[in-house]
Amino acid sequence: MTLKNKNILLGITGGIACYKILELCSRLKKQGCNLKIIMTEASMKFINPLSFETMGKCEVYTDIFKTSHENVWHIELPKWADVFLIAPLSANTMAKMANGIADNFLTASFLACDKDVIVAPSMNTNMLNNEASQNNIRILKERNVKFIDCNSGLLACNTKGDGRLKEPYEIVDYLENYFTKKDLLGKKIIVTAGATIEPIDYVRYITNHSSGKMGYNIAKQARNRGADVVLISGNANPFEIEGIKKIDIKTNEQLKNAIDDQFDNCDCLIMAAAPCDYKPVKTYDKKLKKNGSNLNIEMTENIDILKYFGAKKKDQMIIGFAAETDDLIENAKKKLVKKNADYIIANDLKNENAGFAVDTNQISIISKEKIKRYPVLSKKDTADIILDLVGD
Ligand code: CTP
Numbered sequence: 004m005t006l007k008n009k010n011i012l013l014g015i016t017g018g019i020a021c022y023k024i025l026e027l028c029s030r031l032k033k034q035g036c037n038l039k040i041i042m043t044e045a046s047m048k049f050i051n052p053l054s055f056e057t058m059g060k061c062e063v064y065t066d067i068f069k070t071s072h073e074n075v076w077h078i079e080l081p082k083w084a085d086v087f088l089i090a091p092l093s094a095n096t097m098a099k100m101a102n103g104i105a106d107n108f109l110t111a112s113f114l115a116c117d118k119d120v121i122v123a124p125s126m127n128t129n130m131l132n133n134e135a136s137q138n139n140i141r142i143l144k145e146r147n148v149k150f151i152d153c154n155s156g157l158l159a160c161n162t163k164g165d166g167r168l169k170e171p172y173e174i175v176d177y178l179e180n181y182f183t184k185k186d187l188l189g190k191k192i193i194v195t196a197g198a199t200i201e202p203i204d205y206v207r208y209i210t211n212h213s214s215g216k217m218g219y220n221i222a223k224q225a226r227n228r229g230a231d232v233v234l235i236s237g238n239a240n241p242f243e244i245e246g247i248k249k250i251d252i253k254t255n256e257q258l259k260n261a262i263d264d265q266f267d268n269c270d271c272l273i274m275a276a277a278p279c280d281y282k283p284v285k286t287y288d289k290k291l292k293k294n295g296s297n298l299n300i301e302m303t304e305n306i307d308i309l310k311y312f313g314a315k316k317k318d319q320m321i322i323g324f325a326a327e328t329d330d331l332i333e334n335a336k337k338k339l340v341k342k343n344a345d346y347i348i349a350n351d352l353k354n355e356n357a358g359f360a361v362d363t364n365q366i367s368i369i370s371k372e373k374i375k376r377y378p379v380l381s382k383k384d385t386a387d388i389i390l391d392l393v394g395d
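Position one of the sequence shown corresponds to residue 4 (our numbering), numbered consecutively onward.
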């Protein structure tokens, strides 16, 4: 886990979005972070420090004058931290930070901090757009403060616009990205994910059970490791991934064309998608009506996309998958040769830890030289193992 044992100094300022920080604390603790929390007086009007002590399993610091003989805490806490995260950041505290005002525990700690500072602002749209706030943002960015920009949507003041605090999972995602070593910087990677669908008529189609989870995890980890990622997604249960280019496709033909547009200047193609092997010979542009007899749909073999790019590749690395119910390694080896891939990631669909829609996988990596088997791992850790092949 990327965030395990990271020391996060969390500053909380006054705003209704404070309630989301309880969930953030819970998520960070589950990732194995160590927390220490500083609250401003205004934030304590919204939530009692006891709630954060309980969720963060840590000390909450509120009073700069309550110091000890050994430690001056607004100096010591930034020394302890790997990063200082301030969320939510109010317009008022932002203005103090931009002007070097150190009138409470949080602002004094900020001034004393020589570690990276990440802020997640939250405020009313007009307050955010006010020239004074915009100027403060500019000043802080120039001083290398990192911003987790606000979301847009319905605000507590009943208006719609920019100013919503990013969701706790998005803040965790930002931190994971921040702490990941950028060893794939300069690599352009195409990742495909999810199932393609092939239409039968205006309302019906054929597809398969692929959830897209493996491909999305690869895309996210590739982004975290600094790669330039293009995610081409079929039918999937996707989660949003900021900072990557995502192209939605439906059919094999569209998937092939979308890859083709990017292929010449990519370093690697990772085919985690599950394209349909067959498609109806004929499709109908209106809804087929029932007529009391059987419906026979004649199917024809669909384009094998991996094989197509295996034949086309020059310097690109190609990584394919083999989803099998029988003779896993034998079939995977055949696919390696037939599709001219550099690696095939084999997974046994009958293994309950490795099938569709689960969060784990158990893979074997097959290359011309060797076969390497791995234990059951999360799809995120599996993604990292696959991406290590690109970094080699
Ligand atoms: N693949 C592809 N185009 C297809 C079918 C599969 O590009 N029409 C890719 C998949 O994305 C995967 C690899 O080929 O990376 C192997 O897919 P898999 O479904 O395991 O095997 P198939 O090639 O479809 O062969 P079979 O169904 O006979 O096992």
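Where a beta carbon is used, it is the ideal one built from N, C-alpha and C, also for glycine.
Quiz item: Would you say D307 touches the ligand CTP, meaning its beta carbon is less than 7 Å from a heavy atom?
Solution: yes
Quiz item: On the three-state DSSP scale, how would you describe Y377?
Solution: coil
Quiz prompt | Contact test: A357 Cβ vs the ligand CTP heavy atom, cutoff 7 Å | solution = no
Quiz item: In terms of residue numbering, what span does the alpha helix (DSSP H) encompassing T110 cover?
Solution: F108 to A115
Quiz item: So, do the stretch 198–216 and the stretch 176–189 have three or more beta carbon pairs nearer to each other than 8 Å?
Solution: no
Quiz prompt | Selection from W83, F108 and Q365 that minimises the alpha carbon distance to K118 | solution = W83
Quiz item: Whose C-beta lies closer than 8 Å to the C-beta of A326 among residues of the same chain, with five residues either side of it excluded?
Solution: A277, N350 and L352
Quiz prompt | Residues sharing a beta bridge with G323, DSSP | solution = M274 and I347
Quiz item: Any idea what DSSP makes of F359, helix, strand or coil?
Solution: coil
Quiz item: With distances taken between CB atoms, is the gap from V194 to L258 smaller than 8 Å?
Solution: no
Quiz item: By the 10 Å Cβ neighbour count, where 16 or more other Cβ atoms means buried, how is S296 classified, buried or exposed?
Solution: With fewer than 16 other Cβ atoms inside 10 Å of its own Cβ, S296 counts as exposed.
Practice problem: Return the chain-ordered ranges of every alpha helix (DSSP H) run that is complete within the stretch 37–73 and spans a minimum of 4 residues. | Solution: As far as the stretch 37–73 is concerned, its whole alpha helix (DSSP H) runs of at least 4 residues are 44–49 and 52–59.
Quiz prompt | Nonlocal neighbours in the same chain, by C-beta distance under 8 Å from M217, ignoring five residues either side | solution = A196, A275, F324, N364, K382, T385 and A386
Quiz item: What are the uninterrupted segments assigned as alpha helix (DSSP H) that are 4 or more residues long and contained completely in the stretch 134–216, given in chain order?
Solution: Entirely contained in the stretch 134–216, the alpha helix (DSSP H) runs reaching 4 residues are, in chain order, 134–145 and 171–182.
Practice problem: Just the C-alpha distance for K248 and V232, rounded to the nearest angstrom, thanks. | Solution: If I take the Cα positions, the gap works out to 7 Å.
Self-check item: Inter-stretch contact (C-beta, 8 Å, three-pair minimum) for the stretch 123–136 and the stretch 161–179
Solution: yes
Quiz item: Can the beta-carbon of I41 be found closer than 8 Å to that of G14?
Solution: yes
Quiz prompt | Straight-line Cα distance separating P378 from K7 | solution = 21 Å
Quiz item: Since V120 is in the alpha helix (DSSP H), which residue starts that stretch and which ends it?
Solution: It is not in any alpha helix (DSSP H) - V120 instead sits in the beta strand (DSSP E) that spans V120 to P124.
Quiz item: Which residues in the same chain as I104 place their Cβ atom closer than 7 Å to its Cβ, once the five residues preceding and following it in sequence are excluded?
Solution: T110
Quiz item: Taking 7 Å as the line, does the beta carbon of G229 fall inside it for any heavy atom of the ligand CTP?
Solution: no
Quiz item: Out of curiosity, what's the CA-to-CA distance linking K144 and L88?
Solution: 15 Å
Exercise. Using three-state DSSP, classify G241 as helix, strand or coil.
Key: Inspection of the sequence shows that residue 241 is occupied by Pro rather than by Gly. Three-state DSSP puts P241 in coil, outside helix and strand.
Quiz prompt | Beta-carbon proximity of S93 to G18, cut-off 8 Å | solution = yes
Quiz item: Excluding the five sequence neighbours on either side, which residues of its own chain have a C-beta within less than 6 Å of the C-beta of K99, listed in chain order?
Solution: T110
Quiz item: Leaving out the 5 sequence neighbours to the left and right, which residues in its chain are closer than 7 Å to E243 when beta-carbon positions are compared?
Solution: none
Self-check item: Residue span of the beta strand (DSSP E) that contains I89, given as start and end
Solution: V86 to L92
Quiz item: Say the cut is 7 Å; is the CB of D280 nearer than that to a heavy atom of the ligand CTP?
Solution: yes
Quiz item: If you run the structure through DSSP and keep just helix, strand and coil, what is E301?
Solution: coil
Practice problem: Could you check which residue in K373, E333 and Y205 has the C-alpha nearest to that of K290? | Solution: Y205
Quiz prompt | Own chain, CB closer than 7 Å to C61, minus 5 neighbours either side, in chain order | solution = L38, K39 and I40
Quiz item: Mapping DSSP to helix, strand and coil, what is L291?
Solution: coil
Quiz prompt | Pairwise C-alpha distance: Y208 and N299 | solution = 14 Å
Quiz item: Comparing the CB of F49 with every heavy atom of the ligand CTP, is any distance shorter than 7 Å?
Solution: no
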